[in-house]
Amino acid sequence: AMARFFPNAGITTPLRIAHFMAQTAEETGGYRWMVELGGPSYFTRYDNRPDLGNNQPGDGYKFRGRGVAMLTGRANYKRFGPVLGMDIMTNPDLAADPTNSVAIACAYWTAHQLNGPADADDIVEITRRWNGGLNGLSMRQAYLATAKAFLAASPIVTASPAPAPIPPILAPPPAPTDPIDTGPLEP
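When we follow the working numbering, the leftmost residue of the sequence shown carries the number 750, and every step to the right adds one.
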């Protein structure tokens, strides 16, 4: 199902697919969650963050990461919702819907011009553009290696403009060597 969105984003080669899968797998803990982990008090750290467009009390929690891209911040919700015809400003949980989230992630990929760095196999540059830093780089590298190995062995993936659907990477790679402290989880 994910691959049906790839052609419009130019994600049409095994290397581009592998890089997309590495980024989205890291953001979702190996596709285990579609909403950023943490409770309301954790997300206060994202309130009043101009770089995210968060300018209202509670914006950090309301516009927390969702979907395979972990779309975060009022500015990103405002930017990508209309592009895809989704009212994710009023109903941010729409961004966590698996189908919507892949469409958002592909739009995000395109907006950040990631096909070039993917073609150059430059995971550092892709991570900087995707994440704004190098958070989780070692996990992204591990997921990239897994995706490359899977795609190299798969007869269903070609460089055609309409690749066949590929199954998600089921087993996450080993634990990261650069864990991120997310603080206490709240219900």
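Built from N, CA and C at the ideal position, the CB exists for glycine as well.
Because the structure is a prediction, the values reported are computed rather than measured.
In this structure, the beta-carbon distance from S850 to G816 falls below 7 Å. At least 7 Å separates the beta-carbon of G802 from that of A771.
Between I853 and A844, the C-beta gap is smaller than 7 Å, which places the two residues in contact.
Per DSSP, the continuous alpha helix (DSSP H) segment holding V832 begins and ends at R823 to L833.
Closest in alpha carbon position to G822, among Q862, M838 and P904, is M838. Bounds of the alpha helix (DSSP H) holding M888 are L886 to A902. Counting C-beta atoms within 10 angstroms of its own C-beta, T773 has 16 or more neighbours from the protein chains shown and is therefore classed as buried.
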